[in-house]
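Heads up, the sequence shown is in full-length UniProt numbering, so the first residue is 1 and it goes up one at a time. These notes concern the structure reproduced below.
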Amino acid sequence: VVATAYATLGVDSVVKAVVQGGVKVLVCNRKAVPGVLKLVAQMPSLKAIVYTDTLCTPDECKDDLSAPAKKAAGIPEVTSFAAVLALGKAKPLEFTMPKPESIAVLMYTSGSTGDPKGVMVSQANLIAFVAAVAIGFGGVIMEGAGEVYLGYLPLAHILELSAEFFYFSTGNMVGYADPKTLLGGPERAYPTGGLEEFKPTLMAGVPKVWETIKAGAQAKVAKAGPVASFLISLAIEMKASAAYSYRKTPLFNVLLKKFKMTTGGNLKACLLGGG
Numbered sequence: 001v002v003a004t005a006y007a008t009l010g011v012d013s014v015v016k017a018v019v020q021g022g023v024k025v026l027v028c029n030r031k032a033v034p035g036v037l038k039l040v041a042q043m044p045s046l047k048a049i050v051y052t053d054t055l056c057t058p059d060e061c062k063d064d065l066s067a068p069a070k071k072a073a074g075i076p077e078v079t080s081f082a083a084v085l086a087l088g089k090a091k092p093l094e095f096t097m098p099k100p101e102s103i104a105v106l107m108y109t110s111g112s113t114g115d116p117k118g119v120m121v122s123q124a125n126l127i128a129f130v131a132a133v134a135i136g137f138g139g140v141i142m143e144g145a146g147e148v149y150l151g152y153l154p155l156a157h158i159l160e161l162s163a164e165f166f167y168f169s170t171g172n173m174v175g176y177a178d179p180k181t182l183l184g185g186p187e188r189a190y191p192t193g194g195l196e197e198f199k200p201t202l203m204a205g206v207p208k209v210w211e212t213i214k215a216g217a218q219a220k221v222a223k224a225g226p227v228a229s230f231l232i233s234l235a236i237e238m239k240a241s242a243a244y245s246y247r248k249t250p251l252f253n254v255l256l257k258k259f260k261m262t263t264g265g266n267l268k269a270c271l272l273g274g275g
């Protein structure tokens, strides 16, 4: 069973999730390891810490974090994610078929009202989501057809986790970014953003994300004048209607081409959910 927690909530919330879930292995970034080691006494179930080198500089990755931990009594084993992958290849585990009612993920919420709360998500829950999306986008997202999903929401979010499971089930690619790297440019984190780099055909987002995009689009439409504004609004309405019957809208596509390019130019569909 995998348990998820929002690292952005602070280490105290992670500690509570580890204790409540009886977590034995904690996966985190190498930058977080020193802070986690200071709190291991509060997490008696913890047996190992696996760290990743994501977003770490070459200098930051030089130190072997496992060495000092092995010398201290009572400290969980500390190892790199790369070492775990190598171990898995050398000694693969036999696959065990889960039951529909088996718990797949213990997902801790963002804790917007008090401490994070663990939600038990079953295998059947995840499969139901994948099936629902497959039915909803059956005529849009094709299996193994070079489709691309852009993942930028936290994987501790049920919408993001489920959406990625759906895309993996189709045999297509998942590219990763985050809200700060979706767009590129001189004032951004990277010259090229995730939208331009991956040119996704599907994206998922919570209401706040789409409301921000909608507000920006409406501002551009308002500047285009009354006639253009009317035509664009009509195009959006008709295209939304056509999507439910899988009808093509070449004329409206021309009107909306400029807006489409803001998401990479290949976006076919969007998932709205979460909260």
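Glycine included, each C-beta is placed from N, C-alpha and C at the ideal position.
Residue range of the unbroken beta strand (DSSP E) whose run includes residue i
{"i": "residue 25", "result": "25-29"}
{"i": "residue 80", "result": "77-80"}
Coarse secondary structure for residue i, derived from DSSP in three states
{"i": "residue 88", "result": "helix"}
{"i": "residue 49", "result": "strand"}
{"i": "residue 161", "result": "helix"}
{"i": "residue 177", "result": "coil"}
{"i": "residue 205", "result": "strand"}
{"i": "residue 263", "result": "coil"}
{"i": "residue 152", "result": "coil"}
{"i": "residue 65", "result": "coil"}
{"i": "residue 5", "result": "coil"}
{"i": "residue 136", "result": "helix"}
Among the options, the one whose alpha carbon lies nearest that of residue i
{"i": "residue 101", "options": "204, 180, 122 and 52", "result": "122"}
{"i": "residue 130", "options": "154, 159 and 151", "result": "159"}
{"i": "residue 66", "options": "186, 37 and 41", "result": "37"}
{"i": "residue 266", "options": "218, 200 and 185", "result": "200"}
{"i": "residue 17", "options": "269, 237, 42 and 35", "result": "42"}
{"i": "residue 4", "options": "208, 181, 107 and 52", "result": "107"}
{"i": "residue 224", "options": "259, 183 and 149", "result": "259"}
Inter-residue spacing [alpha-carbon to alpha-carbon] between residue i and residue j
{"i": "residue 12", "j": "residue 168", "result": "33 angstroms"}
{"i": "residue 109", "j": "residue 31", "result": "23 angstroms"}
{"i": "residue 195", "j": "residue 59", "result": "29 angstroms"}
{"i": "residue 124", "j": "residue 137", "result": "20 angstroms"}
Terminal residues of the alpha helix (DSSP H) in which residue i lies
{"i": "residue 97", "result": "Residue 97 -> no alpha helix (DSSP H), and no H or E assigned at all."}
{"i": "residue 229", "result": "226-243"}
{"i": "residue 35", "result": "33-37"}
{"i": "residue 272", "result": "Residue 272 -> not in any alpha helix (DSSP H); beta strand (DSSP E) instead, spanning 269-272."}
Within 7 angstroms, strictly: CB atoms of residue i and residue j
{"i": "residue 48", "j": "residue 27", "result": "no"}
{"i": "residue 235", "j": "residue 256", "result": "yes"}
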